[in-house]
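Undergrad: Pasting in a structure now, in structure tokens, and then I'll have a few things to ask.
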Amino acid sequence: MNCQTAQAELVALIYGDLEAVAAKALTSHLAHCSACDARRDQVTRLLAAVTPAVVFPREGEVDWELPLTCRAVRAELTTFLRGDGERRDNDDLIEHMGRCSSCTDEAAAIDATLHAVRNAFPGEEEVDWDAFARETARLARAANHEDRHAGSPRGKRVAGPWAQHLRRALPLAALVMAALGLGYMATRLTPPPGEAPAPAPVLEAGTSPLPAPMPMADELLVRTRLELARADTARYLEESQAVLASFTSLPVPCEGKNIDTSVESEVSSRLLRRKQLLNRDLDDVEIARARRLADEVGSLLEEIAVLSKCASPAQVEEIRQIMAHRQLMMRIKILTDELEQRDPGRWAPDGKSGDRA
Numbered sequence: 255m256n257c258q259t260a261q262a263e264l265v266a267l268i269y270g271d272l273e274a275v276a277a278k279a280l281t282s283h284l285a286h287c288s289a290c291d292a293r294r295d296q297v298t299r300l301l302a303a304v305t306p307a308v309v310f311p312r313e314g315e316v317d318w319e320l321p322l323t324c325r326a327v328r329a330e331l332t333t334f335l336r337g338d339g340e341r342r343d344n345d346d347l348i349e350h351m352g353r354c355s356s357c358t359d360e361a362a363a364i365d366a367t368l369h370a371v372r373n374a375f376p377g378e379e380e381v382d383w384d385a386f387a388r389e390t391a392r393l394a395r396a397a398n399h400e401d402r403h404a405g406s407p408r409g410k411r412v413a414g415p416w417a418q419h420l421r422r423a424l425p426l427a428a429l430v431m432a433a434l435g436l437g438y439m440a441t442r443l444t445p446p447p448g449e450a451p452a453p454a455p456v457l458e459a460g461t462s463p464l465p466a467p468m469p470m471a472d473e474l475l476v477r478t479r480l481e482l483a484r485a486d487t488a489r490y491l492e493e494s495q496a497v498l499a500s501f502t503s504l505p506v507p508c509e510g511k512n513i514d515t516s517v518e519s520e521v522s523s524r525l526l527r528r529k530q531l532l533n534r535d536l537d538d539v540e541i542a543r544a545r546r547l548a549d550e551v552g553s554l555l556e557e558i559a560v561l562s563k564c565a566s567p568a569q570v571e572e573i574r575q576i577m578a579h580r581q582l583m584m585r586i587k588i589l590t591d592e593l594e595q596r597d598p599g600r601w602a603p604d605g606k607s608g609d610r611a
């Protein structure tokens, strides 16, 4: 296997899409070629940066000898255990597990997990919705207060990157749950079709009016939509920054003096499709200042997306010069920090902060 073929199949190897024979051949080549092995590590880091929910195993950790039938069975176990599978497929699974103890043990472990998840969530009739709404609002206020008054721009660091992402997502999750709870209570308070609503109480002269009603769930849904738009915009900018950063690393040669840009081109195309979905959110007055930088980044991603798999050094150098001239890396970092702070004063139409993006 030559280096060009090996590097062209790296993404498929990382995603686990290669056949066992091709995967073994590529793994053998990587063990003897330091340049391709370095490229594999670079591609893995880049893909992990733009898809943080995916864990990429190294080739030595993959059980290539696992029979295809076992892999297919295990992919369907959750559907089978939840009772959502087709009868014919279920019969095939039962027949396979009758002669495969490994898949039977795997099914028992998944079933125990599903059982624990079902027991962890109470039924609707067991929920005290008034207490639920109060506690959800308290958690949301506490999380926002901690983010706003922490010592560093992003708040106090917590152990591990996943814990930090989870901590930033808590206020948004609390708002979503509060909106669902209030929406449920609104439907319970609405009389069924055809039934007249309860008459309003008659106030006697000199008595005080009734307390103001609870804020409608629509307000929480608007806030939730804005928080989602900020999070999606920040993620788009961070992943674009990872693509641009790969151009400042050591180049990987391909076809003579040219430079391999196949992975960067593929990821740029994916990010451009995502930006099309973001354009409507960027029209929101609360985050409209992010549109200018998002459009500049998008125009550079378009140039990267149309590069051939082996770009010339002049093309790569031109992209580097554009990045340096526009100071894109620094501006992305500043704007991403501001988006993730969720500071209303910084993004309000009459806010005092300058348009640093």
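Sequence positions in the sequence shown follow our numbering and run 255 to 611.
Built from N, CA and C at the ideal position, the CB exists for glycine as well.
Predicted, not measured: the structure shown is a model, and the values here were computed from it.
#1: Mind pulling the alpha helix (DSSP H) runs of 4 or more residues that sit fully within the region 509 to 546?
#2: Pick out whichever of Lys-587, Arg-353 and Leu-280 has its Cα sitting closest to the Cα of Val-551.
#3: Within 10 Å of its beta-carbon, does Thr-367 have 16 or more other beta-carbons around it, so buried, or fewer, so exposed?
#4: Just checking, does the region 574 to 587 make contact with the region 526 to 540 on the three C-beta pairs under 8 angstroms criterion?
#5: What's the C-alpha gap between Ala-565 and Thr-478?
#6: Tell me whether Pro-567 sits in a helix, a strand or coil according to DSSP, three-state version.
#7: At what residues does the alpha helix (DSSP H) containing Ser-282 begin and finish?
#8: Assuming the contact rule is C-beta atoms closer than 8 angstroms, Thr-487 and Asp-535 should be a hit. Round their C-beta distance to whole Å, please.
#9: Express the C-alpha separation of Leu-480 and Val-560 in angstroms, rounding to a whole number.
#10: By a C-beta neighbour count over all protein chains shown, 10 Å radius and 16 as the cutoff for buried, is Leu-532 buried or exposed?
#11: Round the Cβ separation of Arg-574 and Phe-501 to the nearest angstrom and send it over; I've been treating them as touching at under 8 angstroms.
#12: If you drop the 5 nearest sequence neighbours on each side, which residues of the same chain put their C-beta closer than 8 angstroms to that of Asp-365?
#13: For the alpha helix (DSSP H) that Cys-354 lies in, which residues bound it at each end?
TA: Based on what the coordinates show:
#1: If we require 4 residues or more, the alpha helix (DSSP H) runs fully inside the region 509 to 546 come out as 516 to 536.
#2: Residue Lys-587 is the option with its Cα nearest to Val-551.
#3: It is exposed - the Cβ of Thr-367 has fewer than 16 other Cβ atoms within 10 Å.
#4: When Cβ pairs closer than 8 angstroms are counted between the two stretches, the region 574 to 587 is seen not to touch the region 526 to 540, the count staying below three.
#5: Distance between the alpha carbons of Ala-565 and Thr-478 is about 43 angstroms.
#6: Correct three-state label for Pro-567: helix.
#7: Its alpha helix (DSSP H) spans residues 274 to 286.
#8: That belief holds up - the Cβ atoms of Thr-487 and Asp-535 are roughly 7 angstroms apart, short of 8 angstroms.
#9: Straight-line Cα distance between these residues: approximately 33 angstroms.
#10: By the 10 Å Cβ count, Leu-532 comes out buried.
#11: Yes, they are in contact, since the Cβ atoms of Arg-574 and Phe-501 sit about 6 angstroms apart, within 8 angstroms.
#12: Same-chain partners within the cutoff: Leu-335.
#13: Under the DSSP assignment, Cys-354 falls outside any alpha helix (DSSP H); it carries neither an H nor an E label.
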